[in-house]
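*Asks:* This is the structure, below, for whatever I ask next.
In this note's numbering, the protein residues as written are 8 to 91.
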């Protein structure tokens, strides 16, 4: 059971044109989203897309994500959460 805010992260390379897009069920709220480069001195490389998420409602919750460039989808995920 998840009670406290939590963080998820996925690898991303903005130079490729692909980026992550997530959606959460009504009982979760994205508090902050950011990109953290692997090498802070090189802005053209890859890194991680990071989301800080807060539980706002008990019960079964879901996060879905798609790694895409326009209509081209490279990857997707779904996370089911039992929130308390």
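Beta carbons are placed, not taken as given, at the ideal position from N, Cα and C, and that holds for glycine.
Between residue 25 and residue 56, how many whole angstroms is the CB-CB distance? I'm expecting something under 8 Å.
*Replies:* That belief does not hold up - the Cβ atoms of residue 25 and residue 56 are roughly 10 Å apart, past 8 Å.
*Asks:* Buried or exposed: residue 62, going by 16 or more other Cβ atoms within 10 Å of its Cβ?
*Replies:* Classification of residue 62: buried, given that the 10 Å Cβ count is 16 or more.
*Asks:* Where does residue 31 land, buried or exposed, given buried means 16+ other C-beta within 10 angstroms?
*Replies:* Label assigned to residue 31: buried.
*Asks:* Using only CA atoms, which one of 13, 23 and 11 lies nearest to residue 75?
*Replies:* Residue 23 is the option with its Cα nearest to residue 75.
*Asks:* Express the C-alpha separation of residue 15 and residue 44 in angstroms, rounding to a whole number.
*Replies:* Rounded to the nearest angstrom, the two C-alpha atoms are 15 Å apart.
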